[in-house]
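Notes follow once the structure below has been shown.
Structure representation (structure tokens):
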């Protein structure tokens with residue numbers, strides 16, 4: 002009776018590659034037909050896109066071997082039969098895409114800031130980092146360092162923000178907006194749920210007002226109205242005004258996302274914390290918020306990705322972010338007509354950042370779920 | 002009697018909206034006394050003990066715990082909560098923290114105890130509730146009975162003078178009720194002042210010094226377990242006992 006004790010394996014036809022194909026791609030004839038159709042489309046599309054972006058594309062030289070300095074020299078403009086994308090425009094304008102009009106002599110400061118940003122993000126993204134505590138100290142002072150590094154002061158020559166542009170502006174707006182909006186959003190969310198009617202009403206008003214207005218309107222608002230609130234003689238930097246508008250906008254959304262998380266926390270958690278003698282702030286910081294934020298990771302990342310892309314709207318108040326530099330390049334007669342290449346490049350850069358954020362959120366969700374059975378206690 | 006009372010409720014009234022949930026409740030609890038509160042659901046027994054550590058606010062009357070009167074004064078509320086531990090029906094462990102962290106959190110942050118000392122304390126409490134081997138697990142990985150014992154250990158770590166139990170075994174599978182009750186019996190034998198809301202009549206007979214029976218927001222009967230089970234005065238108590246003892 003030895004066979005009785007053997008573990009029965011599932012039928013071969015449902016496991017392995019064959020089984021997977023059969024269940025997922027060729028389950029019945031409609032399923033098979035759709036599979037074949039999709040395969041045919043991919044077969045048509047993939048070689049074409051690879052050819053256009055890489056194999057037939059110009060990078061620095063055209064098919065005659067000349068270095069490309071304007072759109073007329075692109076292979077596809079010299080000979081429509083010959084050549085795909087003309088990436089030379091990105092190559093030639095690369096500096097502007099990454100730094101805007103930042104003076105070349107001072108550009109090491111921007112590069113240093115980029116490297117430092119990577120180091121500042123490291124302990125936030127990777128929790129098991131050795132010496133994480135010390136890296137975190139650096140993360141906290143990084144904004145101050147970055148401010149002096151990029152803007153000037155403390156011995157650095159001043160570089161006015163109207164010379165900033167491209168990826169630099171996109172990252173400054175995106176990172177600052179997201180980083181500032183997070184704590185403000187938490188305070189607003191707690192405030193809206195406060196038992197003190199004045200605080201709750203003020204927070205609700207702020208959230209509803211900011212959320213009810215399009216970002217573009219807020220940007221104009223920041224540009225035109227903010228200086229009116231300042232004492233005379235103090236001039237507020239254009240980029241700072243935009244930053245204020247972007248941060249307010251993001252805070253309101255963040256507050257609602259976190260409020261959603263707070264509502265999912267069972268009242269028993271509050272009662273347990275109180276019965277242990279915890280004050281309001283300890284209870285929220287140690288018990289409630291860690292759980293609420295954990296629940297809200299997908300929507301937090303969602304709104305953050307949204308903001309990162311929405312920073313492109315600053316173009317309407319005259320600030321040239323990555324997309325703005327792209328549009329500026331298109332307006333240059335030297336590079337007229339290369340919109341495919343430029344929009345493709347800008348999209349790709351945005352996609353790299355947003356896709357990174359999205360993968361990171363998945364990793365976080367997975368990591369934080371292990372061993373924790375939320376809501377089942 | 003009132004000089005030695007550690008908890009004293011006088012003419013306590015409370016309403017939820019228009020619903021009069023506590024009606025002129027009077028209760029004196031002496032130090033080291035073990036009180037078991039029972040009664041049908043909706044009778045106000047949970048609300049009463051939740052008033053004692055101010056998870057609920059009473060609207061009339063006075064509640065004095067260990068010489069501190071519960072009013073709107075936040076300082077007083079904090080002080081009372083440091084004296085009074087509470088165990089809930091739904092355990093209410095913190096799911097994002099390990100068992101050990103659940104226990105050390107309040108000693109570290111509320112009592113400012115050094116971390117190493119708090120961890121030692123946590124392990125001692127886990128020995129008392131007989132699950133030291135679960136220290137590094139998360140609440141979601143434990144059975145209901147184990148979770149409730151962690152909740153008891155978490156409360157005890159704050160070194161309270163009084164423990165309140167709000168139906169501590171009602172959410173447990175029958176097999177796990179005993180392991181929790183055993184811990185509570187040990188605690189009672191150790192001299193803890195306890196108020197226990199429960200329907201576990203076996204437990205009540207073993208440890209209670211006094212039985213309190215509530216119905217419709219009032220204390221209907223207060224008696225020694227012997228008198229309460231064998232010779233209750235009110236008809237309401239008799240009906241209640243006949244119903245739950247027949248189960």
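Residue numbers (our numbering), protein chains in the order written: chain A, 2 to 378; chain B, 2 to 248.
C-beta atoms are modelled at their ideal positions from N, C-alpha and C, and glycine is treated no differently.
Residues in the stretch 92-119 of chain B having any Cβ partner in chain A nearer than 7 Å = Cβ contacts with chain A come from 92, 93, 94, 95, 96, 97, 106, 107, 110, 111.
- Task: Taking 9 Å as the cut-off, decide whether the C-beta atoms of residue 27(B) and residue 46(B) are in contact.
- Result: No. Outside cutoff.
| message | For the pair the stretch 348-361 of chain A and the stretch 35-54 of chain B, tell me if three or more CB-CB distances fall below 8 Å. | response | Result no; under three Cβ-Cβ pairs closer than 8 Å.
Let me confirm a value: residue 204(A) is counted as buried when at least 16 other C-beta atoms fall within 10 Å, else exposed. Which label applies?
So residue 204(A) ends up on the buried side.
Exercise for the section: Going by CA-CA distance only, name the one from 247(B), 94(B), 117(B) that's closest to residue 272(A). Expected result: Relative to residue 272(A), the option among 247(B), 94(B), 117(B) whose CA is nearest is 94(B).
| query | Counting along the chain, where does the beta strand (DSSP E) carrying residue 10(A) start and finish? | reply | For residue 10(A), no beta strand (DSSP E) segment is defined, and its DSSP state is neither H nor E.
(request) Kindly identify the DSSP beta-bridge partner or partners of residue 87(A). (result) The partner list for residue 87(A) (beta bridge, DSSP) reads 59(A).
If contact means a Cβ-Cβ distance below 8 Å, which residues of the stretch 65-82 of chain B contact chain A? Listed by position, the residues of the stretch 65-82 of chain B near chain A (Cβ gap below 8 Å) are 79, 82.
Note to self: Quick test of your reading: residue 166(B) and residue 193(B), contact by CB under 8 Å. State the CB separation rounded to the nearest angstrom.
What the structure shows: The pair is not a contact, with the Cβ atoms about 11 Å apart (cut-off 8 Å).
Taking 9 Å as the threshold (C-beta atoms), are residue 188(B) and residue 164(B) in contact?
Cβ distance < 9 Å, so residue 164(B) and residue 188(B) count as in contact.
Within 9 Å (strictly less), CB to CB, does residue 275(A) reach chain B?
Yes, its Cβ sits closer than 9 Å to a Cβ of chain B.
Under 8 Å from the C-beta of residue 270(A): neighbouring residues of chain B = Within chain B, the residues near residue 270(A) are 93, 95.
Residue 274(A) vs residue 288(A) beta-carbon contact at 9 Å: At the C-beta level, residue 274(A) and residue 288(A) come within 9 Å of one another.
field: Cβ-based contacts, 7 Å cut-off: residues of the stretch 286-306 of chain A near chain B
entry: Taking 7 Å as the upper bound on Cβ-Cβ separation, chain B lies near residues 287, 288, 291, 292, 295 of the stretch 286-306 of chain A.
Note to self: Is there a Cβ of chain B sitting closer than 9 Å to that of residue 261(A), yes or no?
What the structure shows: Not one chain B Cβ lies under 9 Å of residue 261(A).
In whole angstroms, what separates the C-alpha of residue 16(B) from that of residue 60(B)?
Rounded to whole angstroms, residue 16(B) to residue 60(B) spans 7 Å at the Cα level.
Flag residue 377(A) as yes if its beta-carbon sits less than 9 Å from any beta-carbon of chain B, otherwise no.
Note on residue 377(A): pLDDT 39, under 50, position unreliable in the model; no value is reported.
(request) Kindly indicate if chain B contains any beta-carbon less than 9 Å away from that of residue 267(A). (result) With 9 Å as the cut-off, residue 267(A) counts as an interface residue toward chain B.
Neighbour-count burial assignment, residue 211(B), 16 or more Cβ in a 10 Å radius: Burial call: buried.
For a contact defined as C-beta to C-beta under 8 Å, what are the partners of residue 283(A) on chain B?
Among the residues of chain B, those whose CB is under 8 Å from the CB of residue 283(A) are 110, 111, following chain order.
Starting from residue 336(A), trace the alpha helix (DSSP H) both ways and give me its first and last residue. For residue 336(A), no alpha helix (DSSP H) segment is defined, and its DSSP state is neither H nor E.
Contact the stretch 65-82 of chain B vs the stretch 115-122 of chain B: 3+ CB pairs below 8 Å:
As far as the Cβ criterion goes, the stretch 65-82 of chain B does not touch the stretch 115-122 of chain B, which means the pair count is below three.
- Message: Within the continuous alpha helix (DSSP H) that includes residue 103(B), where are the two ends?
- Response: Looking at the DSSP string, the run of the alpha helix (DSSP H) that includes residue 103(B) is 100-110.
- Around the C-beta of residue 99(A), are 16 or more other C-beta atoms found within 10 angstroms, so that it is buried, or is it exposed? With 16 or more other Cβ atoms within 10 Å, it is buried.
Worksheet item: CA-CA distance, residue 326(A) and residue 253(A)?
Response: Rounded to whole angstroms, residue 326(A) to residue 253(A) spans 29 Å at the Cα level.
Practice task
Just the chain A side, please: which residues come within less than 7 Å of residue 160(B) by C-beta, in chain order?
Solution key: Correct list: empty, because the minimum Cβ distance to chain A is about 11 Å.
Exercise for review: Please specify which runs of the beta strand (DSSP E), each continuous and at least 3 residues long, are wholly inside the stretch 36-64 of chain B, giving them in chain order.
Suggested key: Within the stretch 36-64 of chain B, no complete beta strand (DSSP E) run reaches 3 residues.
What residues from the stretch 41-60 of chain B come within 7 Å of chain A, judged by C-beta to C-beta, listed N to C?
Listed in sequence order: 54, 56.
Just to confirm the assignment: which complete alpha helix (DSSP H) runs, minimum length 4, are found wholly within the stretch 253-291 of chain A?
Every alpha helix (DSSP H) stretch that sits fully inside the stretch 253-291 of chain A and reaches 4 residues is listed by chain position as 268-276.
Which residues in the same chain have their Cβ closer than 8 Å to the Cβ of residue 105(A), if we skip the five residues on either side of it in sequence? So the list reads 96, once near-sequence residues are dropped.
Secondary structure of residue 194(B), DSSP reduced to three states: Here residue 194(B) sits in strand by DSSP.
>> Using a Cβ-Cβ distance cut-off of 9 Å, determine whether residue 278(A) contacts chain B.
In response: Taking Cβ atoms only, chain B reaches closer than 9 Å to residue 278(A), which makes this a yes.
task = Taking only the alpha-carbon atoms, compute the straight-line gap between residue 346(A) and residue 91(A) and give it to the nearest angstrom.
result = If you draw a straight line from the Cα of residue 346(A) to the Cα of residue 91(A), it is about 8 Å long.
Per-residue DSSP class, three states only, for residue 102(A):
The three-state secondary structure of residue 102(A), taken from DSSP, is coil.
Rounded to a whole number of angstroms, what is the C-alpha to C-alpha distance between residue 330(A) and residue 342(A)? A direct Cα-to-Cα measurement between residue 330(A) and residue 342(A) gives close to 11 Å.
Worksheet item: Is it right to say residue 309(A) is buried, meaning 16 or more other beta carbons lie within 10 angstroms of its own, or is it exposed?
Response: Flag for residue 309(A) reads buried.
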